[in-house]
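In the UniProt record's numbering, the protein residues as written are 1 to 447.
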């Protein structure tokens, strides 16, 4: 089994001290080498059998969700919906979940202000907002004292506080009642990447819980096979392109590029072509970034930019009016994601004070505009700005109602969710959290 260092090199930033390379893959054998290098055994199961078994097991939960939709008591039915989301299976039951959520919205909008526990109110609030139903944050006033703060006796309600913590992540600008949240809750994570921890602590107490756990493990094995095949395609394309040999100073990290597209489009296995093609585009973004930051002189970069402007393809010119209108509608979400990406990039770059490059930094500019501000204070400001941008993204995604928007909404949210993992460098300039998730979803066995 390969050491973790080989995987770590695939996620290192580009700097003057380190020029990480994705491990060389020989001609004609990309998939076996990619898998073995990162500690996974080649999968032995028959995908046809797995598909039939999984389909049969998936069908067994449809009537369970339908029957829970008839319950007025939110507790078990909401836990079922939440659990299916956390193990990455909710996309299989979108119709049943939407009907169940709609029934709870109609039945509980009035009573949610009254007799429900903090846990149930918080869970219902979060699920309703996730599915586009507006619920006022005033539903939490019942749990506050005369001083306007949450009552002290709630400190004993651990499960309730955990759900409140999660619910607060779906706040909009100006909803100060929910501003006590921390930074890395479930809403800002990608379920299929992070479900390992949930599965390890998930103890089924009824029939549907056991079925749900079995389904999640089947889904994980299927995903490993799909993603390994896609990574092999990307690696073959990159090797055949030969740019790693021509431009030796740029990053040679197909695995990192693929992790972006896999994470953004992780909710649908059928999007293999889209993930592979998106990875190629992301690879060139990294390539151009390195050319500007590390490789090129000013004169060379000027010539390069002029060549791109002269010969580059601009798809905007060929878009029809209807597509242009759609892009305008999605532009706000894209701007939110871009801002979150840029700010996290700055946070990661700020940790490496000796990184060689000529790109600007928001943190540096902010400190120049605010003389006497420490690096820690500037970083806190960036974290607050990211949290504010998340509120804008929540609001925009909440307003996306029409059917095609659901795919874009998931992709936009996943793009923002993966950013802190991609730029969460430790003191050794490694990405330990990202490495852990990639090992799990791509290479590790489930036991």
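Beta carbons are placed, not taken as given, at the ideal position from N, Cα and C, and that holds for glycine.
Whole-Å CB distance - residue i paired with residue j, under 8 Å assumed
i, j, result
"residue 261", "residue 282", "6 Å"
"residue 257", "residue 227", "Not quite, the Cβ-Cβ distance comes to about 13 Å (not below 8 Å), so this is no contact."
"residue 238", "residue 244", "7 Å"
"residue 434", "residue 422", "6 Å"
"residue 128", "residue 97", "Not really, about 12 Å apart at Cβ, beyond 8 Å."
"residue 378", "residue 363", "5 Å"
"residue 75", "residue 120", "6 Å"
Reduced DSSP category for residue i - H, G, I as helix; E, B as strand; rest coil
i, result
"residue 428", "coil"
"residue 248", "coil"
"residue 298", "helix"
"residue 408", "helix"
"residue 221", "helix"
"residue 364", "helix"
"residue 203", "coil"
"residue 270", "coil"
"residue 437", "helix"
"residue 104", "helix"
"residue 190", "coil"
"residue 417", "helix"
"residue 37", "A caution first: residue 37 carries a pLDDT of 41, below 50, which makes its placement in the model unreliable, though a value can still be read off. Looking at residue 37 - three-state DSSP - the assignment turns out to be helix."
"residue 195", "helix"
"residue 286", "helix"
"residue 447", "Since pLDDT at residue 447 reaches only 43, below the 50 mark, its modelled position is unreliable, and the value read off the structure follows with that caveat. It is coil, neither helix nor strand."
"residue 85", "helix"
"residue 59", "helix"
"residue 139", "helix"
"residue 134", "coil"
"residue 93", "helix"
"residue 228", "helix"
"residue 235", "helix"
"residue 117", "coil"
"residue 342", "helix"
"residue 373", "coil"
"residue 423", "coil"
"residue 215", "helix"
"residue 209", "helix"
"residue 265", "coil"
"residue 176", "Any reading at residue 176 is ruled out, since the residue's pLDDT is 49, under 50, leaving its predicted position unreliable."
Reference residue i; option with closest CA among the options
i, options, result
"residue 143", "304, 386 and 118", "118"
"residue 224", "242, 192, 197 and 248", "192"
"residue 215", "393, 417 and 89", "89"
"residue 131", "395, 305, 427 and 388", "395"
"residue 442", "266, 213 and 392", "266"
"residue 420", "427, 200 and 383", "383"
"residue 103", "78, 299 and 84", "78"
"residue 390", "280, 133 and 417", "417"
"residue 387", "124, 339 and 310", "339"
"residue 233", "274, 141, 140 and 217", "274"
"residue 436", "367, 197, 371 and 299", "197"
"residue 345", "310, 407 and 424", "424"
"residue 251", "268, 303, 288 and 369", "288"
"residue 393", "381, 374, 415 and 380", "415"
"residue 134", "140, 125 and 235", "125"
"residue 253", "246, 268, 270 and 235", "235"
Sub-8 Å separation of residue i and residue j beta-carbons
i, j, result
"residue 221", "residue 87", "no"
"residue 190", "residue 411", "no"
"residue 385", "residue 343", "yes"
"residue 58", "residue 92", "yes"
"residue 81", "residue 100", "yes"
"residue 230", "residue 276", "yes"
"residue 210", "residue 199", "no"
"residue 255", "residue 294", "no"
"residue 438", "residue 259", "yes"
Residues bridged to residue i [DSSP beta-bridge criterion]
i, result
"residue 391", "DSSP output for residue 391 lists no bridge partner at all."
The ligand ATP heavy atom lying under 7 Å from the CB of residue i
i, result
"residue 208", "This structure lacks the ligand ATP, and indeed carries no ligand of any kind."
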